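K.L.:
If you scroll down you'll find the structure; I have some questions about it.
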Amino acid sequence: MIELDFRAPLASFTLEVRVTLESTSVAVLGPSGAGKTSLLEVLAGLRPARGKVVVDGQPLLDDGAGVRLAPEARRIGYVPQDALLFPHLTVRRNIEFGMRADARAVVDAIGLLELSPLQDRRPETLSGGERQRVALARALATSPRLLLLDEPLAALDVELKERILPYLVRVRDEARVPFLYVTHQVGEAEAVATEALVLDAGRVRAHGPAREVLPGAAEPGTSYENVLVGNLRGGRLVLPGGGTLVVPPAPGLPEGARVAYSVPAEDVLVSAHPLDGVSARNVIEARVAAVGEVGAEAQVRAEAGGFEWHAKLTTAASRELRLAPGAQVWLAVKTHSLRRLR
Amino acid sequence: MSDDLQLLWFTLGTASLATALIFPFGVLAGAGLARWRGPGSGLVETALSLPLVLPPTAVGMVLLELLGRKFGLGQALDAAGLDVVYTWKAVVLASAVMGFPLLVRSARSAFEGVDPRLAGISRTLGRGRVQTFLRVSLPLSWRGVLAGAVLAFSRALGEFGATFLVAGNIPGRTQTLALAIFQRVQLGEDAAAFRLVALTTALAFAAIWVTERVTRRRPAPAGKGAG
Numbered sequence: 003m004i005e006l007d008f009r010a011p012l013a014s015f016t017l018e019v020r021v022t023l024e025s026t027s028v029a030v031l032g033p034s035g036a037g038k039t040s041l042l043e044v045l046a047g048l049r050p051a052r053g054k055v056v057v058d059g060q061p062l063l064d065d066g067a068g069v070r071l072a073p074e075a076r077r078i079g080y081v082p083q084d085a086l087l088f089p090h091l092t093v094r095r096n097i098e099f100g101m102r103a104d105a106r107a108v109v110d111a112i113g114l115l116e117l118s119p120l121q122d123r124r125p126e127t128l129s130g131g132e133r134q135r136v137a138l139a140r141a142l143a144t145s146p147r148l149l150l151l152d153e154p155l156a157a158l159d160v161e162l163k164e165r166i167l168p169y170l171v172r173v174r175d176e177a178r179v180p181f182l183y184v185t186h187q188v189g190e191a192e193a194v195a196t197e198a199l200v201l202d203a204g205r206v207r208a209h210g211p212a213r214e215v216l217p218g219a220a221e222p223g224t225s226y227e228n229v230l231v232g233n234l235r236g237g238r239l240v241l242p243g244g245g246t247l248v249v250p251p252a253p254g255l256p257e258g259a260r261v262a263y264s265v266p267a268e269d270v271l272v273s274a275h276p277l278d279g280v281s282a283r284n285v286i287e288a289r290v291a292a293v294g295e296v297g298a299e300a301q302v303r304a305e306a307g308g309f310e311w312h313a314k315l316t317t318a319a320s321r322e323l324r325l326a327p328g329a330q331v332w333l334a335v336k337t338h339s340l341r342r343l344r
Numbered sequence: 008m009s010d011d012l013q014l015l016w017f018t019l020g021t022a023s024l025a026t027a028l029i030f031p032f033g034v035l036a037g038a039g040l041a042r043w044r045g046p047g048s049g050l051v052e053t054a055l056s057l058p059l060v061l062p063p064t065a066v067g068m069v070l071l072e073l074l075g076r077k078f079g080l081g082q083a084l085d086a087a088g089l090d091v092v093y094t095w096k097a098v099v100l101a102s103a104v105m106g107f108p109l110l111v112r113s114a115r116s117a118f119e120g121v122d123p124r125l126a127g128i129s130r131t132l133g134r135g136r137v138q139t140f141l142r143v144s145l146p147l148s149w150r151g152v153l154a155g156a157v158l159a160f161s162r163a164l165g166e167f168g169a170t171f172l173v174a175g176n177i178p179g180r181t182q183t184l185a186l187a188i189f190q191r192v193q194l195g196e197d198a199a200a201f202r203l204v205a206l207t208t209a210l211a212f213a214a215i216w217v218t219e220r221v222t223r224r225r226p227a228p229a230g231k232g233a234g
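Put into structure tokens, the structure is as follows:
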């Protein structure tokens, strides 16, 4: 549990956060310059603030009681946007850098993030996604009580296979380290977090369970990615809710492997009638949960087997199909629209 | 010839000692100035650079006064039975004072070239200030720090004015190569002076060449694309 009640002056406004985060996986969203990175820095002790920061009952900052723990005393792992690997050290030395990074923790972190082939490389030879993974391993190897992750701003342009998300799912499920995850992708946030915090100009605009908060958090102009995390069985992706999807072949992955796939909202076809005789391998019977119209675009959310699909169509099409909450629809997703995240 | 060798060893010895003496302070001052931007930081920086622009004889004069009986420093040294003025210690002191700003300036710009957020990350990984300095800031700026040390060393090799005032020009006791060249020329022994010039040139050449070799950045390993 993270109790925040602090003020931190930034260049153009004051970051003022007063919120109690209950879950172990929190997504932080908001437009660029909303103060998301600064929030992480205050938690890590890298940015001065006044007020209170309490993690699992231990005050890290408490002006009233004169508590102000140094960053090295906080046990909070921080993965910044640009990874900030130590340029004079190899990947392995970077991961071993932490004070509490014992041999076992290092080996575990390298294994979890699949970094053994990169161990002897220098940071300047790594791709952006690889750097993020190394930075995550470096933080993880210190056995932190909390991880702070800042997805690169350019994440929207980063190739899907480079995304950190599938590894974050592993950190959540296998290493079981609580985290705060700054992202621009509402779909990713839904896939990975149970709680969400939306910041805007230094204030908390929304906070609550991810399912309730995230649908309204999409930034205008950004596309929505449906992110599906499940296990591979016989060439199909089996979702936790029981649904299955035909996905492109993923050579080299063992049966049962946990994988993540992504499909943009505009690649999900919506039909008001049962579909047969179509080439799309995935036709899913779903129920409309909500329809939102912005200008000529309509965002349709439809539930099937515990997963909420997002589809983007034109307002005209949405009206023609008479889409409204409760309506039954069929969603078609081409196999090759599903792209694997790493 | 044996006089020349004695001069060479004496000059190398005092210059090395002077550099060793200022090294830790110069590195710390450089690191401090690189990060600290408080009120008066400009003033401190200017004061530290004064020996660079003042005539060395002026610096020598100030040192001479400070070491004299009028001031606490001179009195303390006197009480401890330490004679500094007109001894080899004065040669070391004068060279150290003249070389210090060169070391500080070079170290400062080297530390300024290190992303301060790297130090922040090191702290979140559990390393305190001292460890962070030794493991991150210093290794990332050692080229500039070393270059500064060589500059200070070279300055010490050639120091003349300040040394002349506080240490005199006593053959066999406080005479360095630079002072000896001056003396030989005054005595009209041009050939002997030229021999010393050749020796000094060789020394300076070696110092600069070694630094260039050591501090040159190795090119990044090529051919390993993103995986």
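Note that the protein sequences, when read in sequence, are chains A and B.
To get the numbering used here, take the position in the first sequence, counting from 1, and add 2.
To get the numbering used here, take the position in the second sequence, counting from 1, and add 7.
We treat Cβ as the ideally placed atom computed from N, Cα and C, and that holds for glycine.
Here the structure is a predicted model, which is why all the values come from computation and not from measurement.
#1: Val249 of chain A: which of A:Arg283, A:Glu74 and A:Pro242 sits nearest, CA to CA?
#2: Note down the Cα distance separating Gly234 of chain B from Arg123 of chain A, rounded to an integer number of angstroms.
#3: For the alpha helix (DSSP H) holding Trp216 of chain B, just list the boundary residues, first then last.
#4: Closer than 8 Å, Cβ to Cβ, to anything on chain A: give me those residues from the region 124-137 of chain B, in chain order.
#5: Take every Cβ of the region 259-272 of chain A, pair it with every Cβ of the region 329-343 of chain A, and state whether three or more of those distances are shorter than 8 Å.
#6: Suppose contacts are defined by Cβ-Cβ distances below 8 Å. Is Pro73 of chain A in contact with Ala10 of chain A by that definition?
#7: Report buried or exposed for Ala136 of chain A, applying the criterion of at least 16 other Cβ atoms within 10 angstroms of its Cβ.
#8: Applying the criterion that 16 or more other CB atoms from any shown protein chain within 10 Å of the CB defines a buried residue, is Pro253 of chain A buried or exposed?
#9: To the nearest angstrom, how far is it from the Cα of Ile29 of chain B to the Cα of Phe107 of chain B?
#10: Quick test of the definition: if touching needs 3 or more C-beta pairs under 8 Å, does the region 84-95 of chain B touch the region 155-171 of chain B?
#11: If distances are taken between C-alpha atoms only, which option among A:Ala329, A:Arg76, A:Trp311 and A:Gly66 comes closest to Gly133 of chain B?
#12: Within this structure, are the beta carbons of Ala29 of chain A and Val171 of chain A separated by less than 8 Å?
#13: Does the beta carbon of Leu141 of chain B come closer than 8 Å to any beta carbon on chain A?
#14: Please go through the same chain and pick out, in chain order, the residues whose beta-carbon is closer than 6 Å to the beta-carbon of Arg260 of chain A, but skip the five residues on each side of it.
#15: Is Leu86 of chain A close to chain B? Criterion is C-beta to C-beta, closer than 8 Å.
#16: Looking at the C-beta of Leu184 of chain B, does it have a partner C-beta in chain A at a distance below 8 Å?
#17: Counting only the same chain and skipping the five closest in sequence on each side, list residues whose C-beta sits under 7 Å from that of Glu52 of chain B.
#18: Nearest to Leu117 of chain A by alpha carbon, out of A:Gly204, A:Pro146 and A:Val93?
#19: Who are the neighbours of Pro11 of chain A on chain B, taking C-beta pairs under 9 Å?
#20: Would the beta-carbon of Ile128 of chain B fall within 8 Å of that of Leu86 of chain A?
#21: Assign Arg207 of chain A to one of three DSSP states: helix, strand, or coil.
#22: Whole-angstrom Cβ separation of Ile166 of chain A and Gln134 of chain A, contact assumed at under 8 Å?
#23: My assumption, with CB atoms under 8 Å, is that Val121 of chain B sits in contact with Ser102 of chain B. Please give the rounded CB distance.
#24: Could you round the C-beta distance between Glu176 of chain A and Leu114 of chain A to whole angstroms and report it? I think they count as a contact, below 8 Å.
#25: Just to make sure I have the definition right: I need the residues of chain B whose C-beta is within less than 9 Å of the C-beta of Arg140 of chain A. Which are they?
#26: What is the rounded straight-line gap between the Cα of Gly135 of chain B and the Cα of Leu230 of chain A?
#27: Does the distance from the C-beta atom of Val184 of chain A to that of Val200 of chain A stay below 8 Å?
P.N.:
Taking the coordinates as given:
#1: Start at 1 with the first residue of the first sequence, and residue 249 of chain A comes out as number 247. When each option's Cα is compared against that of Val249 of chain A, the closest is A:Arg283.
#2: The residue labelled residue 234 of chain B in the question sits at position 227 within the second sequence. The residue labelled residue 123 of chain A in the question sits at position 121 within the first sequence. With a pLDDT of 33 at Gly234 of chain B, under the threshold of 50, the modelled position of that residue is not reliable, and no figure is offered here.
#3: Numbered from its first residue, the second sequence carries residue 216 of chain B at position 209. From DSSP, the alpha helix (DSSP H) with Trp216 of chain B extends over Asp197 to Thr222.
#4: Arg124, Leu125, Gly127, Ile128, Ser129, Arg130, Thr131, Leu132, Gly133, Arg134 and Gly135
#5: yes
#6: Reading the first sequence from its first residue, position 71 is the one you call residue 73 of chain A. Reading the first sequence from its first residue, position 8 is the one you call residue 10 of chain A. Contact flag unset, no.
#7: In the first sequence, counting from the first residue as 1, residue 136 of chain A sits at position 134. The sequence shown places Val at residue 136 of chain A, not Ala. It counts as buried.
#8: Indexing the first sequence from 1 puts residue 253 of chain A at position 251. Looking at its Cβ environment, which holds fewer than 16 other Cβ atoms inside 10 Å, Pro253 of chain A is exposed.
#9: If you number the second sequence from 1, residue 29 of chain B lands on position 22. If you number the second sequence from 1, residue 107 of chain B lands on position 100. Going from the Cα of Ile29 of chain B to the Cα of Phe107 of chain B covers about 6 Å.
#10: no
#11: Counting from 1 along the second sequence, the entry for residue 133 of chain B is found at position 126. Nearest option by C-alpha distance: A:Arg76.
#12: Counting from 1 along the first sequence, the entry for residue 29 of chain A is found at position 27. Counting from 1 along the first sequence, the entry for residue 171 of chain A is found at position 169. Contact: no.
#13: Mapped onto the second sequence, residue 141 of chain B falls at position 134. Closer than 8 Å: no.
#14: The sequence position of residue 260 of chain A within the first sequence is 258, counting from 1. So the list reads Asn233, once near-sequence residues are dropped.
#15: Within the first sequence, residue 86 of chain A is the residue found at index 84, counting from 1. By this cut-off, Leu86 of chain A is an interface position.
#16: Here residue 184 of chain B corresponds to residue number 177 of the second sequence, with the count starting at 1. With 8 Å as the cut-off, Leu184 of chain B does not count as an interface residue toward chain A.
#17: The count along the second sequence starts at 1 and reaches residue 52 of chain B at position 45. Excluding positions up to five away in sequence, the list reads Leu40.
#18: Residue numbering aside, residue 117 of chain A sits at position 115 when the first sequence is read from its first letter. The residue with the shortest Cα to Cα distance from Leu117 of chain A is A:Val93.
#19: Working through the first sequence from its first residue, we reach residue 11 of chain A at position 9. Going along chain B, no residue has its Cβ under 9 Å from Pro11 of chain A, so there is no contact; the nearest lies around 17 Å.
#20: Start at 1 with the first residue of the second sequence, and residue 128 of chain B comes out as number 121. Start at 1 with the first residue of the first sequence, and residue 86 of chain A comes out as number 84. Result yes, Cβ atoms of Ile128 of chain B and Leu86 of chain A sit closer than 8 Å.
#21: Locating residue 207 of chain A in the first sequence gives position 205, counting from the first residue. Of the three classes helix, strand and coil, the one that applies to Arg207 of chain A here is strand, per DSSP.
#22: The residue given as residue 166 of chain A occupies position 164 in the first sequence. The residue given as residue 134 of chain A occupies position 132 in the first sequence. So it is a contact: roughly 5 Å between Cβ atoms.
#23: Along the second sequence, one-based indexing puts residue 121 of chain B at 114. Along the second sequence, one-based indexing puts residue 102 of chain B at 95. Going by Cβ atoms, the distance from Val121 of chain B to Ser102 of chain B rounds to 29 Å, so no, they are not a contact pair.
#24: Stepping through the first sequence from its first residue, residue 176 of chain A is reached at position 174. Stepping through the first sequence from its first residue, residue 114 of chain A is reached at position 112. Sure, about 6 Å apart at Cβ, within 8 Å.
#25: Residue mapping note: residue 140 of chain A aligns to position 138 of the first sequence, counting from 1. The answer, in chain order, is Ile128 and Leu132.
#26: In the second sequence, residue 135 of chain B corresponds to position 128, counting from 1. In the first sequence, residue 230 of chain A corresponds to position 228, counting from 1. Computed Cα separation, rounded: 41 Å.
#27: Here residue 184 of chain A refers to the residue found at position 182 of the first sequence. Here residue 200 of chain A refers to the residue found at position 198 of the first sequence. It is not a contact, given that the beta carbons lie outside the stated cut-off.
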